[in-house]
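Everything in the sequence shown is counted per our numbering, starting at 3 for the first residue and increasing by one.
Don't be surprised by glycine CBs; every beta carbon is placed ideally from N, CA and C.
Here the structure is a predicted model, which is why all the values come from computation and not from measurement.
Read the structure below first, then the notes.
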Amino acid sequence: MNDPNVNLMRPNLRIGVIPAGSTDAIVFGTTGYNDPITSALQIIVGESVLIDIAT
Numbered sequence: 003m004n005d006p007n008v009n010l011m012r013p014n015l016r017i018g019v020i021p022a023g024s025t026d027a028i029v030f031g032t033t034g035y036n037d038p039i040t041s042a043l044q045i046i047v048g049e050s051v052l053i054d055i056a057t
């Protein structure tokens with residue numbers, strides 16, 4: 003992990019998020035929309051946004 007010469011593989015995983023709460027900050031922060039119908043349509047057409055996450 004501390005070797006700068008190591009190339010990390012990009013995972014081939016897609017996660018669809020449909021807002022259902024009061025603020026929906028994750029969906030709004032990644033897509034700019036706060037609407038469940040728009041989010042569902044984006045999932046259907048295969049829209050994707052690259053985000054950095056760590057575990």
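Count the other CB atoms, across all protein chains shown, that sit within 10 Å of the CB of residue i; report buried if there are 16 or more and exposed otherwise.
i	result
Val29	buried
Pro21	buried
Ser41	buried
Assuming residue i is part of the alpha helix (DSSP H), what are its boundary residues?
i	result
Gly31	27 to 33
Pro38	38 to 47
In chain order, what residues of the same chain lie with their CB nearer than 8 Å to the CB of residue i, ignoring the 5 residues before and after it?
i	result
Ile53	Thr32
Leaving aside the five residues before and after residue i along the sequence, list all residues of the same chain whose C-beta is less than 6 Å from its C-beta, in chain order.
i	result
Asp26	Asn36
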